[in-house]
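Notes for the one structure printed next.
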Amino acid sequence: MRGSRPVDGRLLFLAAGVLLVGIGAFLYGASPSPEGVSLEISFIDVGQGDATLVVARNSTHTVSLLVDAGNAYHGAAVASFVLQHDPLLDYALATHPDADHIGGMVEVLRALRPAVVVDNGDAKGTKTFASFEQAAALAGERRVARRGDELTLVEGVTVLVLSPTSEFFNSSTSANDKSIVLKVSLGAFCAILTGDAEEPAEEAIASAWGAQLDCPVLKAGHHGSKTASTSGFLSTVSPYVVAISVGAGNRYGHPAPEALQRIAASGAAVLRTDERGSITITTTGRSYTVN
12 MRGSRPVDGR LLFLAAGVLL VGIGAFLYGA SPSPEGVSLE ISFIDVGQGD ATLVVARNST
72 HTVSLLVDAG NAYHGAAVAS FVLQHDPLLD YALATHPDAD HIGGMVEVLR ALRPAVVVDN
132 GDAKGTKTFA SFEQAAALAG ERRVARRGDE LTLVEGVTVL VLSPTSEFFN SSTSANDKSI
192 VLKVSLGAFC AILTGDAEEP AEEAIASAWG AQLDCPVLKA GHHGSKTAST SGFLSTVSPY
252 VVAISVGAGN RYGHPAPEAL QRIAASGAAV LRTDERGSIT ITTTGRSYTV N
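The opening position of the sequence shown corresponds to residue 12 in this note's numbering, with each subsequent residue numbered one higher.
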């Protein structure tokens, strides 16, 4: 457990958890982090879509993982963002085959040729998915992610697959709920990245992992849809910060007022890419900042 809420002189909140300036917080936990290791998680502004860059560093290595890449017209911008943080993309992961997650990945895969491409094994009969498959074939190793898979980026930085299981994947009728859901950890810090997972997936994940989901940062599922970020899931994760990747004035009404109300009731601060642009969290595993 992380202990009490973080205290830092640079915290500045308004009522209902609205954030004015960057968070700086200390973390309390039993998990030590190696000296000289840092982790950056950037929720890239891709409008109504998802793109998250995870970059781990130590004194000798920089290793990066891109999770989704927005729509096709954001591909070049996402590739440029990646190159600003790491000249070599190591891993590219598509949480599920919706166009607002894999469309931009086509350009990223063609331009950056990551060593490993990961997806959930789902398919979609669209031109976007066909283009993704063609581009992925140009990259290196292909992997399908299932619950319990774990990747170490550098010593101390791990990426754990929380969902889906093969059983859940095969039984679910929702492409969103089949999304790959990740826990990224360094020391006492962790973040939950949810793809488009909604209530059924959240319930299954909470049941399987329980207190292991307790993390200061959560990316809201399905762009803040009313069918995600349930009260039960928020209670299990108990985040300090909830990031929502969403486009301004989108036709879906995301983030839904119901989801925002549940997040506010949980006590977490909400950070939205439509209001702030790209959001970057930096941590040593002992403290973190959000900008």
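Virtual Cβ for every residue (Gly too), placed ideally from N, Cα, C.
Starting from residue i, trace the alpha helix (DSSP H) both ways and give me its first and last residue.
i	result
Lys138	Lys138 to Leu149
Thr294	Looking at the DSSP string, Thr294 is not in any alpha helix (DSSP H); the run it does join, the beta strand (DSSP E), is Ile290 to Thr294.
Leu99	No alpha helix (DSSP H) contains Leu99, which DSSP labels as neither H nor E.
Val117	Met116 to Leu123
Thr6	Given a span of 12 to 302 for the chain in the structure shown, any question on residue 6 remains unanswerable.
Ser177	Ser177 to Ser182
Residue i by DSSP, collapsed to three states: which one?
i	result
Leu224	helix
Lys189	coil
Ala279	coil
Asp56	coil
Asp111	helix
Thr106	coil
Val32	Low local confidence applies: a pLDDT of 42 at Val32 is under 50, so the model's placement there is unreliable, and no value is given.
Ser49	strand
Looking at the unbroken beta strand (DSSP E) that takes in residue i, where does it start and where does it end?
i	result
Ala83	Neither: Ala83 is in no beta strand (DSSP E) and is coded neither H nor E.
Val165	Glu161 to Val165
Thr71	No beta strand (DSSP E) holds Thr71; DSSP gives it neither H nor E.
Glu152	Glu152 to Val155
Ser307	Shown here, the chain extends from 12 to 302; a query on residue 307 therefore has no answer.
Ser174	Val168 to Ser174
Val129	Val127 to Asp130
Taking 7 Å as the threshold (C-beta atoms), are residue j and residue i in contact?
i	j	result
Lys230	Glu269	no
Thr205	Gly232	yes
Arg68	Gly198	no
Val129	Leu164	no
Lys189	Asp133	yes
Ala254	Phe92	no
Thr63	Val78	yes
Val66	Asp97	yes
Leu123	Ala146	no
Ala217	Thr247	yes
Leu171	Val192	no
Ser289	Asp56	yes
Thr284	Thr293	no
Val252	Val228	yes
Asn82	Asp111	yes
Cys226	Ala202	yes
Val89	Gly114	no
Asn302	Thr295	no
His107	Ala186	yes
Ser44	Gly167	yes
Thr176	Ser196	no
Go ahead and label residue i buried or exposed: buried means 16 or more other beta carbons lie within 10 angstroms of its beta carbon, across all protein chains shown.
i	result
Glu178	exposed
Thr184	exposed
Glu46	exposed
Glu118	buried
Leu99	exposed
Lys194	buried
Arg153	exposed
Asn181	exposed
Ala212	buried
Leu149	exposed
Ser277	buried
Gln95	exposed
Tyr263	exposed
Ala141	exposed
His265	buried
Glu210	buried
Gly60	buried
Tyr310	Only positions 12 to 302 of the chain appear in this structure, which leaves residue 310 out of reach.
Gly136	exposed
His234	buried
### Task
Jot down the residue ranges of each uninterrupted alpha helix (DSSP H) in the region 192–263, minimum 4 residues, whole runs only, in chain order.
210–220 and 242–248
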